[in-house]
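In order, the protein sequences belong to chains Z and F.
So for the first sequence, this note's numbering puts the first residue at 1; every next one is plus one.
So for the second sequence, this note's numbering puts the first residue at 1001; every next one is plus one.
The beta-carbon is built from N, C-alpha and C at its ideal position, and this holds for glycine as well.
Following: one structure in structure tokens, then a few remarks.
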Amino acid sequence: MLAQATVNGILLGGLYGLATVGFSMVWGVMGVINLAHTAFITLGAYVTYVLFERYGIDPLLSMPLAMATMFVLGYGIQRLILNHVIRTSLLLSLVVTFGIELILTDATVLIFTSDVRSVNASYASTSVAVFGTLVPLVRLLAAGLSLALGIGFFVFLRRASLGQAILATALDREMSNLMGINPQKVFALTAGAGAALAGAAGSLSSMLFPVSPTMGVSFLAAVFVITVLGGIGSVEGCIVAGFLYGLVQAWAAYWLGTSLQEIVAFAMFLGVLVVRPQGLFGRAFFGEHA
Amino acid sequence: MSEAAVLEQGAKAATVRPLVWAAVAIGLLVLCAAPLGISSYWLRVLTTVLMYVIVTQGLNVIVGITGYHAFGNGVFFGIGAYACGTAMVAGLPFVVGIALAIVVSAVCAFILGWPILRLKGHYFAIATVALNLAAVQIIIQIGGITGGAQGLALPLSDWDPKPLYIALYYLMLGGAVASTAIVAILLKRPLGFALRAIRDSERAAAVMGINTTKAKVCAWAISAGLTGFAGGVWAYWITFIEPSSAFDPAVGVKAYIMLIIGGMGSILGPVIGAFVLEIVSTLVWSGFLKAHQLILGLLIVVVCIVAPNGIINAFARLVRSVRSNDGAA
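See below:
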């Protein structure tokens, strides 16, 4: 049983990590705590649900579409709303994104109602053996793809010139501006990429969890804990902290019971904040100083 | 606030002050007389507005004056509600319940403040959000006298509903006046100066000999006490509380938005912010039952883009720009 819980925890942790990468990046690069991030996860899941239900498109195939949709949404919101707000006060972004979250969630309820839906791919009930435990195939796929996307984003930041522009802006906004990088565009790009990754996480979790307008909010605690644990703005930190978080949650559920899971999460969060606020891999990103 | 703005404000204050006092006096008179002439629906709306005045003034102490953005300050609203609720279920009178609501909230802020107020900027803001979310789970876990996830029904008053609601209205009004007075007095006391020094530069304040940790913790305790009072009265008014309603993060967030609308760190700003947002959102609520969250969200976004420094400042800026345009023409 413990082995089963451990494997499940680690696999879920991969998905949690992916759900967090975008949030952490946006916080690290521009100091915006995006409370609407969970709504992007929900919307990503609904894109997959609609494509699956209407057109019978496999969730794994619709994931890029969900990512593209969320990229456009994240990019647009940053350009039209957030770029104006962060010029005045960074903490105002908390309020604005709370408002955006209300809008997106209420719009989801109005369009799709609050009914709980599900995405059942043909391979949903298949299981595979991992280290002597039986694991649902979809969980393994979700964890594997999450890890691949996380690593892909990490490489994008280091290798692609657009990625390097993001990192440069995160490290020193004024200097990167002098090098000819337009921060407004970099912010929008970062927000778009963050939303796209959240959309991917939502798309993957639609295979694992029931799809409802509040499904994204259930990621909120995980997203906060993993961001802080991994170090704000650190992709590799997010991935490692995601697995760690999944493991701790699984063990907490195993030994203490599921009702104490969330308290363990918040205790972890406050503990990390007080003891090591820069997290495991934290660096002097912009969000650190804000 | 820049030096020029402070000087300009000082010069203006001399001419504006009598007008403000007159407005405050008229406003208070209207509010005192209001229960005689309004329906029970609007009595409820006004009681909610006054409750938010108290919560926003509480937030003003820690956010507006001290510069620590306690985004999850609603946690003390819930603590106050539960302190009052459990005390009354245990058979204690309402007055004791309210006293406990204030004391327990302030003590919680005092204890939590030592580790958490060391955090800066975003980290502090997020830590308070985590406290708010964790409190829901903690109440559910404690169970027993708090009622856990099932919620807690407070003993009913033996008063008739109408006079009871009017009495609670006056209690909220008294709380709103008292909390505004506390903010006004605090700004004139050494502690108020210390807190504003911390807001502008914590390191400089420490160098000048201010015990910053003590000042910050005191500020948060005052803030929590005010918020806890509002929560306690709310619990008795609503008579049934549950973790998700008492610790609703929207309480703290709404107060934060009211503070933005009114202008941070001012004395009357929170009052104006509470009236504007609550009455507008009540009207919106009754107009768009299905999409009220959506409209509230839109309202928040518009306020933040158009008037990030408060509507009074935005209005003043508008007037100035209109005037300078006239001069140019």
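Legend entry - Cα-Cα separation between A1250(F) and G1074(F), rounded to whole angstroms: 8 Å
Legend entry - Residue closest to G1310(F), alpha-carbon to alpha-carbon, out of A1246(F), G1287(F), P1270(F): P1270(F)
Inset, instruction - Out of F1275(F), W1220(F), G1080(F), S1244(F), state which residue places its alpha-carbon closest to the alpha-carbon of F1339(F). - result: Outside the modelled stretch of chain F, which goes from 1001 to 1329, sits residue 1339(F), for which no answer is possible.
Legend entry - I1126(F) - DSSP class collapsed to helix/strand/coil: helix
Inset, instruction - Please report how far the alpha carbon of G1078(F) lies from the alpha carbon of V138(Z), in whole angstroms. - result: 40 Å
Legend entry - Whole-angstrom distance between K1254(F) and Y1052(F), CA atom to CA atom: 8 Å
Inset, instruction - Please decide whether I151(Z) counts as near chain F, where near means a Cβ-Cβ distance under 8 Å. - result: no
Inset, instruction - Could you please tell me which residues of the region 79-97 of chain Z, in chain order, have their CB closer than 8 Å to any CB of chain F? - result: I81, H84, V85, T88, S89, L90, L91, L92, L94, V95, V96
Inset, instruction - Give the DSSP-derived three-state secondary structure of A290(Z) in the structure shown. - result: Here A290(Z) scores only 43 on pLDDT, less than 50, and its place in the model is too uncertain to base an answer on.
Inset, instruction - Give the secondary structure of S127(Z) by DSSP, where H, G and I count as helix, E and B as strand, and everything else as coil. - result: strand
Inset, instruction - Could you pull out every unbroken beta strand (DSSP E) segment of at least 3 residues lying fully inside the region 219-280 of chain Z, listed in chain order? - result: none
Inset, instruction - Using DSSP bridges, identify the partner residues of V211(Z). - result: R117(Z)
Inset, instruction - Tell me where the beta strand (DSSP E) around P136(Z) begins and ends. - result: 133-136
Legend entry - 8 Å CB neighbourhood of I1142(F) in its chain, flanking five on each side removed: G1148
Legend entry - Three or more C-beta pairs below 8 Å linking the region 243-254 of chain Z and the region 8-23 of chain Z: yes
Legend entry - Host alpha helix (DSSP H) of N1309(F) (start-end): Run containing N1309(F): none; DSSP gives neither H nor E here.
Legend entry - DSSP three-state assignment for A1070(F), whether helix, strand or coil: coil
Inset, instruction - Give a yes or no on whether 8 Å exceeds the smallest Cβ distance from V1024(F) to chain Z. - result: no
Inset, instruction - Output yes or no for whether 8 Å exceeds the beta carbon distance between G1352(F) and L1152(F). - result: No answer is possible for residue 1352(F): the residues shown for chain F start at 1001 and end at 1329.
Legend entry - Residue span of the alpha helix (DSSP H) that contains E174(Z), given as start and end: 173-178
Legend entry - CB contact check: A1314(F) to chain Z, cutoff 8 Å: no
Inset, instruction - Might you give, ordered along the chain, the residues of its own chain that have their beta carbon closer than 7 Å to the beta carbon of A200(Z), omitting 5 neighbours on each side? - result: L18, G44, M63, A66, M67, L149
Legend entry - Neighbourhood of L104(Z) by C-beta distance below 7 Å, restricted to the same chain and skipping five residues each side: A36, A39, L43
Legend entry - P1115(F) at chain Z interface by Cβ criterion, 8 Å: yes
Legend entry - Chain-ordered chain Z contacts of Y1123(F) [CB-CB under 7 Å]: L273, P277
Inset, instruction - Within 10 angstroms of the Cβ of N34(Z), are there 16 or more other Cβ atoms? Answer buried if so, exposed if not. - result: buried
Legend entry - Residues that A1153(F) bridges to, as DSSP identifies them: F1240(F)
Inset, instruction - Mind listing the chain Z neighbours of C1108(F)? Cutoff is C-beta to C-beta under 7 Å, in chain order. - result: In chain order: nothing, as chain Z lies at least about 14 Å away.
Inset, instruction - Going by CA-CA distance only, name the one from I1295(F), Y1256(F), V1322(F) that's closest to H1069(F). - result: Y1256(F)
Legend entry - Where the alpha helix (DSSP H) containing F71(Z) begins and where it ends: 59-77
Legend entry - Any non-hydrogen atom of the ligand HEM within 7 Å of L260(Z) CB: As presented, the structure is devoid of all ligands, the ligand HEM included, so that no description of it is given.
Inset, instruction - Could you tell me whether any Cβ in chain F is nearer than 8 Å to the Cβ of D115(Z)? - result: no
Inset, instruction - May I have the straight-line CA-CA distance separating N1313(F) from I1279(F), to the nearest angstrom? - result: 20 Å
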